[in-house]
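Right, one structure below, let's go through it.
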Amino acid sequence: MRKSKHRREVERRYDKHASYPPEDALGLVKDLAWANFDESVDVAFLLGIDPRQADQIVRGTVTLPHGTGKDVRVAVFAESEKAREAEEAGADLVGGKELAEAIQAGTQPLDFDVVVATPDQMPVVGKLGPILGPRGLMPNPKSGTVTNDVGKTVAAFKAGRVEYRNDRYGNVHVPIGRVSFTVDQLVDNLAAVAIELVRNRPAAAKGQYLRKVTVSSTMGPGVLVDRAQLEALVKARR
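Each step along the sequence shown adds one to the number in our numbering, with nothing skipped, and position 103 is 103.
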């Protein structure tokens, strides 16, 4: 299939070895997106940490000013009053032991993006570790997903809060929107994530912290973000 003139011009502008100011990098991501659906836009940070060390694990949550553009499905393990609170806040799935049993049996699809649990439900949820853990769905106090404040937590995830955690190589991947977002919206979301990561820098981390930053769409190539300009943006907005 022949490429359009616009796409050929965009590809001539794109240099996979070059780094770009945040707004230019995200503009390129939008221009390079070619799929016939509204692709997700994601950022990958390579951090200057040693992921083997427990005191250098980077994880938490960040609220994106413009959300992710995705309808986030939230499952909540809670009972009685807390279950009603979760339902009123818009939780998609609420239950206790019976929900855990359905997940273990495979009769409940894992069609949710976030799992929240009240502390008293963790003995029940803990048995789901082999199922939820590999999918990054296991509730954790550090990410704010083990809480008695289920209503506020559900509402926050519905409004654009996302979880993040480094992988074993020191990378942190976070969705920051959709190709249909404006460049300004994507820059705002990128800045929010970068600010949160800098704020959450482990005390034991040495040297350059934000080593490499790459943005991309679901089907598009990675575009390097100029580290110095991103750090300046973080400093200006903190």
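For every residue, glycine included, the Cβ atom is placed at its ideal position computed from N, Cα and C.
Collapsing the DSSP output to three states places K158 in a helix. Within the DSSP secondary-structure output, G177 pairs in a beta bridge with V41. Straight-line measurement puts the Cα of M138 at about 14 Å from the Cα of Q104. Annotation for V213: V43, A44, F45, L46, A194, L224, V225, R227, L230 place their beta carbon closer than 8 Å to its own, counting only its chain and skipping 5 residues before and after.
In the structure shown, the three-state DSSP call for L137 is coil. DSSP places V198 inside the alpha helix (DSSP H), whose first and last residues are 183–199. The C-beta distance from E39 to S217 rounds to 4 Å, short enough to meet the 8 Å contact threshold.
In the assembly as shown, G69 is a buried residue. Its beta-carbon has 16 or more other beta-carbons within 10 Å. Uninterrupted beta strand (DSSP E) stretches at least 3 residues long and entirely within the stretch 18–86 occur at 40–47, 59–63, 74–77, given in chain order. For A117, the enclosing beta strand (DSSP E) begins and ends at 114–117. The closest CA to that of A236, considering only L99, G220, D188, is found on D188. R178 is classed as buried because its beta carbon has at least 16 other beta carbons within 10 Å across all chains shown.
Ranking M219, G220, V215, P221 by CA distance to the CA of E23 puts V215 first. With respect to A205, I49 sits close: the two C-beta atoms are nearer than 8 Å. DSSP places T214 in the strand class (E or B) of the three-state scheme. With the rule of 3 Cβ pairs closer than 8 Å, the stretch 150–170 counts as touching the stretch 86–93. With three or more CB-CB distances shorter than 8 Å, the stretch 54–68 counts as touching the stretch 163–174. At a Cβ-Cβ threshold of 8 Å, F77 and G96 count as neighbours.
Closest in alpha carbon position to T147, among A117, M219, P123, G136, is A117.
Residue nearest to P51 within the set L210, P175, V198, G170 is G170 (criterion: CA-CA distance).
Contact annotation: V114 and V172 have beta-carbon atoms that are not nearer than 8 Å.
Distance between T182 and G136, taken at the CA atoms: about 29 Å. Classified as exposed, Q53 has fewer than 16 neighbouring CB atoms from the shown chains inside 10 Å of its CB. Leaving aside the five residues that flank P21 on each side, the residues in its chain whose CB is nearer than 6 Å to its CB run, in chain order, D226, Q229.
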